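What the sequence shown shows, in my numbering, is residues 438 to 561, in sequence order.
Glycine included, every Cβ here is placed at the ideal spot set by N, Cα and C.
Please read these numbers as outputs of a predicted model, since none were measured by experiment.
Report on one structure; see the data block that follows.
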Amino acid sequence: MRFDFVVPNAISDVDGNWSVGALASLVDIIGLVTIYSFANRATSTVDLNVSYYSTATIQVKSFLFTCGVFLLGEHVEIESKVSANRGKLMHAVVEVRRKGNGEVIAIGKVWMALNKLTPQVSNL
């Protein structure tokens, strides 16, 4: 699966970079969506590993026709794929790259357990 994402100002750290916690959360969610689209079942994360190679910054842009400063995040591409299917356990790899030059920002690896959720029948 492929996604485009613009890093919003709300998830920046004190240095103006994309918060590593927010990036890890996004990797987890994208991994979940990828596995769900493959298995069509609910999942639970059992292992999450994110390797960070670069940062994505929130850039300050000023526009001629406005009366202030507009904060614009970096544009990134996210690609994810299922790389292993072990029955009730599935693995996805999520790569986050800079849109302009393809530089790797982070690579996440997610193992998820498939859940078999069934509705309970009431005895009333």
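**OP:** Counting only the same chain and skipping the five closest in sequence on each side, list residues whose C-beta sits under 6 Å from that of residue 443.
**Re:** Residue 443 sits at position 6 when you count from the first residue of the sequence shown. Cβ neighbours of residue 443 beyond the five flanking positions: 510 and 512.
**OP:** Say whether the segment 467–485 touches the segment 516–530, bearing in mind that this needs 3 or more beta-carbon pairs closer than 8 Å, one atom from each stretch.
**Re:** Inter-segment contact for the segment 467–485 and the segment 516–530 is present: three or more beta-carbon pairs are separated by less than 8 Å.
Original post:
Counting pairs of Cβ atoms below 8 Å between the segment 533–543 and the segment 454–466, do you hit three or more?
Top reply: Proximity of the segment 533–543 to the segment 454–466 meets the contact definition, three or more beta-carbon pairs being nearer than 8 Å.
Original post:
Taking buried to mean at least 16 other C-beta atoms within 10 Å of its own C-beta, is residue 549 buried or exposed?
Top reply: For this step, residue 549 is matched to residue 112 along the sequence shown. Residue environment analysis places residue 549 among the buried positions, since at least 16 neighbouring C-beta atoms fall within 10 angstroms of its C-beta.
Original post:
Which of the three DSSP states, helix, strand or coil, is assigned to residue 561?
Top reply: One-based indexing of the sequence shown puts residue 561 at position 124. Three-state result, residue 561: coil.
Original post:
What residue from 493, 541 and 528 has the CA that sits closest to residue 457's CA?
Top reply: Locating residue 457 in the sequence shown gives position 20, counting from the first residue. Each of 493, 541 and 528 was checked against the Cα of residue 457, and the nearest Cα belongs to 493.
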